[in-house]
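Since the structure comes first, as structure tokens, the remarks are kept for the end.
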Amino acid sequence: MAQAMLKKIATSSACLVVGLTRRSSARTLAIASKNVNSKKEGVLPAEGEITKSVFMSQSNDIYTNLALEDWMYRNMDFTNHHVMMVWRNDPCVVIGRHQNPWLEANVPLVNEMQIALARRNSGGGTVYHDRGNLNITFFTPRERYDRKYNLEIITRALFRGFGVKAVINERQDIIVRDNYKVSGTAAKLGRLTGYHHCTLLVNANKADLSKALAKREHGIQTIATASTRSPVANLSEVNSRVTVDSLQTAVGYEYLRTPALHLEDGGQAHISQQRGFQFVNPTDEWFPGLAELKNELQTWDWNYGRTPVFTVSRAFPVPAQLLAPSEIYSATQELIINMTVEHGLISDVTLNIPPGLIESGFHGEASVITHLKGKRFTSEALNALQDAMLTRHLNTEVRKLDDKEQFVAKCFDQVCCELYCTIIKAVLLNPNCLCTYNTAVERIRGMKMEKQKIVFKVSLHNYLQ
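Using the UniProt record's numbering, the first residue of the sequence shown is number 1, and each one after it goes up by one.
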């Protein structure tokens, strides 16, 4: 029956959300919602007056779906109409509103793998999405917000549809097999409207998930919200019959058969009184102003620039061959780099140079600091540093950096978490790594790295091993 209904909806040209069949009606709905909200604040309908819908987004783009979520939160009135939206995304990392992407994700690797990184409007921790996830958002008036009710809908659907026994822990995660997390949860509550959303791991690529969310602190100190790491599992590992499509159907019907305010099985009689499954097309034609919301969610300023202020501190032992011979100073001397990053931009840099390196002839600290301030905490900063240090123009000639200057430049490369240095240092040149150099190079080539970058970065081993 569920598949038959979905097929009927998919083939029907009239499969449009009530009140959103034309641009004008969507705009009217937005205005009407605000007017209704202003009049009905504090006035809530009885349970029997509330109907439900399951909206199914036709987009797999994370920025589009987050924009749709935000549009509905801002513009729709859920007083008499509760909505559950289901959506899927292409591979992406989604961080909470108050999180630090450089702390929560392997940013260089995410960029290299062309995995989108998005900051959502709700709080909570970082999650990985791909087509093997089912994402669900529950919209209600703020006074009717009930996270436990929503999660119970999901666990009841898992048991009714697939015999999967899942529990809700104290953090309100959904757990299977005693310890494995299959769903995290977050929420946004406004004055009149609230939503609770979660993602369910069905058959997600756990290898990519682990790589994308590999924690890489690198001396970062911040007040940003940190994610809680947990072992995860796919629901398909518990029951191979669970697919994203079948789970979407199961949860959708469980939602429609359950009364709006209490957990009770209303059966087919209750389903027949609801508005059912409805495909929605997240475009400006259906949702005027959606494109503007999407554009904002895609910007570097939102995804990285909204990061709470943080500092990065790293110490690098200076190779003995770069130090001036001395009986006064310790044989082990460190170059210490401290950076402060505000709004994603480097606002302050402190470079503590050991005496032995100064006496050996390094005098480039002013150039380093001057050219890094105000730059994004990305390869932009490294490019500015290289412009200042890797070459110097003396009359018409270009002089290459000496070993000491090159060492300092590469230390900054490490601080800014460049992918190539990290992989070569931590994976390929690790003394505990059993792979040969040729195998290492093949691994890098498999990750689409340019050969000349490999050669340039391998020389870092001479300094940082």
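No residue lacks a Cβ here, since even glycine has one placed at the ideal position from N, Cα and C.
Check for me: the alpha helix (DSSP H) holding Val244 runs from which residue to which? On the sequence shown, residue 244 is found 244 positions in, with the first residue counted as 1. Per DSSP, the unbroken alpha helix (DSSP H) holding Val244 starts and ends at 244 to 257.
Chain-order list of residues whose beta-carbon lies under 7 Å from that of Gly267 (same chain, five-residue window excluded): Against the sequence shown, residue 267 aligns to sequence position 267. Closer than 7 Å at the Cβ level, and outside the excluded window around Gly267, lie Arg257.
Endpoints, beta strand (DSSP E) assigned at Pro317: Taking the sequence shown and counting its residues from 1, the one referred to as residue 317 is at position 317. Pro317: member of the beta strand (DSSP E) spanning 310 to 317, first to last residue.
Could you give the distance in angstroms between the alpha-carbon of Pro91 and the alpha-carbon of Asn234? As a first step, residue 91 is located in the sequence shown; it is residue number 91 there, counting from the start. As a first step, residue 234 is located in the sequence shown; it is residue number 234 there, counting from the start. About 16 Å.
Between the CA atoms of Gly305 and Ile346 - distance to the nearest angstrom: In the sequence shown, residue 346 corresponds to position 346, counting from 1. In the sequence shown, residue 305 corresponds to position 305, counting from 1. Taking the straight line joining both Cα atoms gives about 11 Å.
In the DSSP output, which residue or residues are listed as bridge partners for Cys92? In the sequence shown, residue 92 corresponds to position 92, counting from 1. Bridge partners of Cys92: Ala116, His129.
Rounded separation between Leu189 and Trp71 - CA only: Reading the sequence shown from its first residue, position 189 is the one you call residue 189. Reading the sequence shown from its first residue, position 71 is the one you call residue 71. Answer to the nearest angstrom: the Cα atoms are 14 Å apart.
Just verifying my parser: in three-state terms, what is the DSSP assignment at Met76? Working through the sequence shown from its first residue, we reach residue 76 at position 76. Three-state DSSP puts Met76 in coil, outside helix and strand.
Note the first and the last residue of the continuous beta strand (DSSP E) segment covering Ile220. Start at 1 with the first residue of the sequence shown, and residue 220 comes out as number 220. Unbroken beta strand (DSSP E) run through Ile220: 220 to 222.
Is Asp284 helix, strand or coil by DSSP? Along the sequence shown, one-based indexing puts residue 284 at 284. In this structure, DSSP gives Asp284 a state outside helix and strand, which the three-state scheme calls coil.
For Ile115, collect the residues of the same chain with a Cβ closer than 7 Å to its Cβ; drop the 5 residues on either side in sequence, then sort them by chain order. Position 115 of the sequence shown, counted from the first residue, corresponds to residue 115. Excluding sequence neighbours, Ile115 sits near Pro91, Cys92, Val93, Ala212.
Between the segment 132 to 141 and the segment 189 to 209, do three or more beta carbon pairs fall short of 8 Å? Because the criterion of three Cβ pairs below 8 Å is met, the segment 132 to 141 and the segment 189 to 209 touch.
Tell me whether the segment 313 to 321 and the segment 96 to 110 touch, counting them as touching only if at least three CB pairs, one residue from each stretch, are closer than 8 Å. Fewer than three Cβ pairs drawn from the segment 313 to 321 and the segment 96 to 110 lie within less than 8 Å of each other, which leaves the two stretches out of contact.
For Arg376 and Gly344, which I take to be in contact (beta-carbon distance under 8 Å), what is that distance rounded to the nearest angstrom? Numbered from 1 along the sequence shown, position 376 holds the residue referred to as residue 376. Numbered from 1 along the sequence shown, position 344 holds the residue referred to as residue 344. Contact check for Arg376 and Gly344: beta-carbon distance about 6 Å, within the 8 Å limit, so the pair qualifies.
Distance, Cα to Cα, Asn239 vs Phe162? Walking along the sequence shown from the start, residue 239 turns up at place 239. Walking along the sequence shown from the start, residue 162 turns up at place 162. The C-alpha of Asn239 lies about 7 Å from the C-alpha of Phe162.
Taking Cβ positions, are Ala186 and Ser122 nearer each other than 7 Å? One-based indexing of the sequence shown puts residue 186 at position 186. One-based indexing of the sequence shown puts residue 122 at position 122. Cβ distance < 7 Å, so Ala186 and Ser122 count as in contact.
I'd like the span of the alpha helix (DSSP H) that includes Phe159, first residue to last. Within the sequence shown, numbered from 1, the residue matching residue 159 stands at position 159. Secondary structure note for Phe159: its alpha helix (DSSP H) is the uninterrupted segment 147 to 162.
Under DSSP, the alpha helix (DSSP H) around Asp301 begins and ends at which residues? If you number the sequence shown from 1, residue 301 lands on position 301. Asp301: member of the alpha helix (DSSP H) spanning 300 to 303, first to last residue.
Check whether the Cβ atoms of Ile175 and Glu254 lie closer than 7 Å to each other. Translated into positions along the sequence shown, residue 175 becomes position 175. Translated into positions along the sequence shown, residue 254 becomes position 254. In this structure, Ile175 keeps its C-beta atom at 7 Å or more from the C-beta atom of Glu254.
State the Cα-Cα distance for the pair Ile95 and Tyr73, rounded to the nearest angstrom. As a working mapping, residue 95 is identified with position 95 in the sequence shown. As a working mapping, residue 73 is identified with position 73 in the sequence shown. Counting only the Cα atoms, Tyr73 lies some 19 Å from Ile95.
Would you call Gly48 buried or exposed, if buried means 16 or more other Cβ atoms sit within 10 Å of its Cβ? Counting from one through the sequence shown, the residue named residue 48 turns up at place 48. Gly48 is exposed by the Cβ-count criterion.
Apply the 10 Å Cβ neighbour rule to Ile223 and answer buried if 16 or more other Cβ atoms are within range, or exposed otherwise. In the sequence shown, the residue the question calls residue 223 occupies position 223. Ile223 is exposed by the Cβ-count criterion.
For Cys411 versus Leu290, is the C-beta spacing smaller than 7 Å? Against the sequence shown, residue 411 aligns to sequence position 411. Against the sequence shown, residue 290 aligns to sequence position 290. Against a cut-off of 7 Å, the Cβ pair of Leu290 and Cys411 comes out as no contact.
Using alpha carbons as the reference points, say which of Thr79, Trp87, Ile50 lies closest to Ala67. As a working mapping, residue 67 is identified with position 67 in the sequence shown. Minimum Cα-Cα distance from Ala67 among the listed residues Thr79, Trp87, Ile50 corresponds to Trp87.
Starting from the C-beta of Glu143, find all residues in its chain whose C-beta is less than 7 Å away, skip the five residues before and the five after it, and write them out in chain order. Position 143 of the sequence shown, counted from the start, is the residue given in the question as residue 143. Only Leu44 meet the Cβ criterion.
Taking only three categories from DSSP, how would you classify Val43? For the purposes of this step, residue 43 is taken as the residue at position 43 of the sequence shown. Coil at Val43, not helix or strand.
Between the alpha carbons of Val127 and Gly184, how many angstroms are there, rounded? What you label residue 127 is simply residue 127 of the sequence shown in a count that begins at 1. What you label residue 184 is simply residue 184 of the sequence shown in a count that begins at 1. Spanning the alpha carbons of Val127 and Gly184 requires a straight line of approximately 8 Å.
Give me the residue from Asn65, Tyr180, Asn150, Thr350 with the minimum Cα distance to Ala118. In the sequence shown, counting from the first residue as 1, residue 118 sits at position 118. Distances from the CA of Ala118 to each of Asn65, Tyr180, Asn150, Thr350 were compared; the closest alpha carbon is that of Asn65.
Ala381: buried (16+ other C-beta within 10 angstroms of its C-beta) or exposed? Counting from one through the sequence shown, the residue named residue 381 turns up at place 381. Buried, because 16 or more other Cβ atoms sit within 10 Å of the Cβ of Ala381.
Roughly how many angstroms separate the alpha carbons of Gly374 and Arg229, rounded to a whole number? Position 374 of the sequence shown, counting from 1, holds the residue named residue 374. Position 229 of the sequence shown, counting from 1, holds the residue named residue 229. Rounded to the nearest whole angstrom, the CA to CA distance from Gly374 to Arg229 is 33 Å.
Determine the DSSP secondary structure at Ile353, reduced to helix, strand or coil. Taking the first residue of the sequence shown as position 1, residue 353 is located at position 353. Here Ile353 sits in coil by DSSP.
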